[in-house]
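At position 361 of the sequence shown (counting the first as 1) the number is 361 in the UniProt record's numbering, and the numbers step up by one without a gap.
A short write-up of the structure that comes next.
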Amino acid sequence: MLPGLRPRGGPHRGRRRAGCHDHAEAVTVIDASVAELVLPPGADRARWLAARRTGVGGSDVSTLVGLTRYTSPYELWLDKTGALPLVDDVPSEAAEMGQLLEPVVRDRFARVHHLAVTQVGTYRSREWPWMLANPDGVCSDGAGYEGKTCSHWVAHEWADGQTADHAELQAQWGMAVTGLSRWHVAVLIAGQRNEYRVIERDDELIGVLVDVSRRFWHDHVRAGVPPEWGGSDAATTYLKDRYSVGDIDSVVEIDAGDRDELAAERDKAAAALKAAEAVDAAVRNRVRGLLGDREQLVCGDQVVATWTNTGRFLPDRFMRDHPELVAAYTEPVTADVIDVDRLAADHPDIYRACRTRVLRFTN
């Protein structure tokens, strides 16, 4: 039996499970000395939303380490401190479909792996009481379970046996709260392909997550002090939306120390960016030099980079290299506009030759 679990009943007992079949054996529950049950499975939505505000959950930790582009730590702080109304936002269509497909993903996982998946509620860690977890289930082999869905746009996060970072963190967080040593993750990609992963407990990573969440909870939520602004897309989006219109001629005064600090930080960032861009340009030119007039850089069966004529069309190059075609493919409205679509259809090779080359790395 894995740490953090205790058996209840013997083999072939308690076979009725949510989203599973009759091939289950032992029933496993989370040890109450490791994690306290805050809400049972199936608790109403209002109670669940209220319970989430009493700690940091598995999806919250991705926000704290900058792995989500949807929510910033500042917005999370507003929520946990009660500064935002406790409302149940209407989910996006993608989120709604993810919820509807949860039992489908769970049932197939259970059938393929010959395991029972028992749905459980919301738990609070006894050792780290600000930490909450709401696992999608506990499996009859003693591991936790998390079900995911994703679109083809992020399918690369699961390629070559990888686990998406946010799912890895959520699994480690679940193990930290429940005391379990392994976690199953099932993902349905683009509604068509199922992938399965087994995540082993990583106490070093768990230690980092505990520390990050402790500082957020105690230094910011409990202290009522907002976290510093970071450079995440989520923070940028929030600030632009929250302050979309400025008050004309209004000012905010800062002292010379803050002014100098801001200037120094910007100079430091600009220098680092310039240095990074120089390194990136050198790498790209090295690849261009290797390719010459070839299109693909390969290592065995792996395509490392491509340099293809798929960039923007260059009218000046076209007019210089093919003056005999300029009149035929110039819009009658103005002599400066080329009918690019018709040119591409009639002379695809010429159109391609007049496009910039785009260098792309495949990983």
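Where a beta carbon is used, it is the ideal one built from N, C-alpha and C, also for glycine.
All of these numbers come straight from a predicted model, not from anything done at the bench.
Where does the unbroken alpha helix (DSSP H) through S232 begin, and where does it stop?
-> Within the sequence shown, the letter at position 232 stands for residue 232. From DSSP, S232 is part of no alpha helix (DSSP H); its letter is neither H nor E.
Report the rounded CA-to-CA distance for E200 versus S181, giving the unit in angstroms.
-> Here residue 200 is taken as the residue at index 200 of the sequence shown, counted from 1. Here residue 181 is taken as the residue at index 181 of the sequence shown, counted from 1. Taking the straight line from one Cα to the other gives about 6 Å.
Rounded to whole angstroms, what's the CA-CA distance from Y351 to V303? Just pull it up for me.
-> Within the sequence shown, residue 351 is the residue found at index 351, counting from 1. Within the sequence shown, residue 303 is the residue found at index 303, counting from 1. When rounded, the distance between both Cα atoms is 25 Å.
For V185 versus T163, is the C-beta distance shorter than 8 Å?
-> Here the question's residue 185 lines up with position 185 in the sequence shown. Here the question's residue 163 lines up with position 163 in the sequence shown. Cβ distance < 8 Å, so V185 and T163 count as in contact.
Would you kindly check if the distance between the Cβ of V279 and the Cβ of A305 is under 8 Å?
-> Looking up residue 305 in the sequence shown gives position 305. Looking up residue 279 in the sequence shown gives position 279. Going by C-beta atoms, A305 is not nearer than 8 Å to V279.
Verify whether the separation of the beta carbon atoms of E146 and A171 is less than 8 Å.
-> On the sequence shown, position 146 is the one that residue 146 refers to. On the sequence shown, position 171 is the one that residue 171 refers to. Closer than 8 Å, so yes.
Please go through the region 38–123 and give each complete alpha helix (DSSP H) segment of 4 or more residues, from N-terminal end onward.
-> 45–52, 58–64, 73–80, 93–113
Nonlocal neighbours in the same chain, by C-beta distance under 7 Å from K80, ignoring five residues either side | For the purposes of this step, residue 80 is identified with residue 80 of the sequence shown, where counting begins at 1. Around K80: R53, V221.
Straight-line Cα distance separating E277 from T356 = Here residue 356 corresponds to residue number 356 of the sequence shown, with the count starting at 1. Here residue 277 corresponds to residue number 277 of the sequence shown, with the count starting at 1. Between T356 and E277, the C-alpha separation is close to 20 Å.
C-alpha gap between A95 and T149, whole angstroms | Locating residue 95 in the sequence shown gives position 95, where the first residue counts as 1. Locating residue 149 in the sequence shown gives position 149, where the first residue counts as 1. Going from the Cα of A95 to the Cα of T149 covers about 9 Å.
For C139, write down the residues that DSSP places opposite it in a beta bridge.
-> In the sequence shown, residue 139 corresponds to position 139, counting from 1. C139 is bridged to V117.
May I ask which residues mark the beginning and end of the alpha helix (DSSP H) holding E331?
-> By one-based count along the sequence shown, residue 331 stands at place 331. Note, E331: premise wrong, no alpha helix (DSSP H); not H, not E.
DSSP three-state call for V185: helix, strand or coil?
-> On the sequence shown, position 185 is the one that residue 185 refers to. Strand, per DSSP.
Assigned secondary structure, S250 (DSSP; H/G/I helix, E/B strand, else coil) | One-based indexing of the sequence shown puts residue 250 at position 250. S250 falls in the coil class under three-state DSSP.
At what residues does the beta strand (DSSP E) containing Y145 begin and finish?
-> Within the sequence shown, the letter at position 145 stands for residue 145. Looking at the DSSP string, the run of the beta strand (DSSP E) that includes Y145 is 144–150.
Taking 8 Å as the cut-off, decide whether the C-beta atoms of A43 and G137 are in contact.
-> Within the sequence shown, numbered from 1, the residue matching residue 43 stands at position 43. Within the sequence shown, numbered from 1, the residue matching residue 137 stands at position 137. No, these two residues do not count as a Cβ contact at 8 Å.
CA-CA distance, L84 and W128?
-> Translated into positions along the sequence shown, residue 84 becomes position 84. Translated into positions along the sequence shown, residue 128 becomes position 128. Near 25 Å, if we compare the C-alpha coordinates of W128 and L84.
Look at the alpha carbon of L325 and the alpha carbon of M319, and state the distance between them as a whole number of angstroms.
-> Within the sequence shown, the letter at position 325 stands for residue 325. Within the sequence shown, the letter at position 319 stands for residue 319. Straight-line Cα distance between these residues: approximately 8 Å.
Could you tell me whether the region 153–162 touches the region 66–79, where touching means 3 or more Cβ pairs closer than 8 Å?
-> no
For residue 380, which option in L273, P91, R215 has the closest C-alpha, if you only look at C-alpha atoms?
-> Any property of residue 380 remains undetermined from this structure, which presents the chain solely from 1 to 363.
Taking the beta strand (DSSP E) that L297 falls in, what are its first and last residues?
-> Taking the sequence shown and counting its residues from 1, one reaches residue 297 at position 297. From DSSP, the beta strand (DSSP E) with L297 extends over 296–299.
Y351 lies in the alpha helix (DSSP H); which residues open and close that run?
-> Here the question's residue 351 lines up with position 351 in the sequence shown. Unbroken alpha helix (DSSP H) run through Y351: 348–353.
For W183, the nearest candidate out of Y196, G311, A344 (CA to CA) | Position 183 of the sequence shown, counted from the first residue, corresponds to residue 183. If we check each option's Cα against that of W183, Y196 comes out closest.
Buried or exposed by the 16-neighbour rule on C-beta atoms within 10 Å, applied to Q99 | Locating residue 99 in the sequence shown gives position 99, where the first residue counts as 1. Under this definition Q99 is an exposed residue.
Can you give me the start and stop residues for the alpha helix (DSSP H) that E261 sits inside?
-> In the sequence shown, residue 261 corresponds to position 261, counting from 1. 256–291 is the span of the alpha helix (DSSP H), which, as asked, contains E261.
Contact test: A95 Cβ vs the ligand ATP heavy atom, cutoff 7 Å = As for the ligand ATP, it is missing from this structure, which has no ligand bound.
By Cβ distance below 7 Å, which residues in the same chain neighbour Q298 in space, the five residues on each side in sequence not counted?
-> Residue numbering aside, residue 298 sits at position 298 when the sequence shown is read from its first letter. Just to set this straight, residue 298 is Val in the shown sequence, not Gln. The residues are V304.
Cβ neighbour criterion (16 or more within 10 Å) applied to W173 | Here residue 173 is taken as the residue at index 173 of the sequence shown, counted from 1. W173 comes out buried.
Distance, Cα to Cα, S151 vs E261?
-> Mapped onto the sequence shown, residue 151 falls at position 151. Mapped onto the sequence shown, residue 261 falls at position 261. Distance between the alpha carbons of S151 and E261: 42 Å.
R215: first and last residue of the uninterrupted alpha helix (DSSP H) it sits in = Start at 1 with the first residue of the sequence shown, and residue 215 comes out as number 215. Element bounds for R215: 203–215.
Under 7 Å Cβ to Cβ from W229, same chain only, skipping five residues before and after it: list those, please.
-> Position 229 of the sequence shown holds residue 229. Cβ neighbours of W229 beyond the five flanking positions: Y74, A235.
Measure the CB-CB distance between G142 and M175 and report whether it falls below 8 Å.
-> For this step, residue 142 is matched to residue 142 along the sequence shown. For this step, residue 175 is matched to residue 175 along the sequence shown. Taking 8 Å as the Cβ cut-off, G142 and M175 do not qualify as a contacting pair.
Given R126, which residues of its chain have a CB within under 8 Å of its CB, disregarding the five upstream and five downstream residues?
-> Here residue 126 refers to the residue found at position 126 when the sequence shown is read from its first residue. Same-chain partners within the cutoff: S33, V34, A35, E36.
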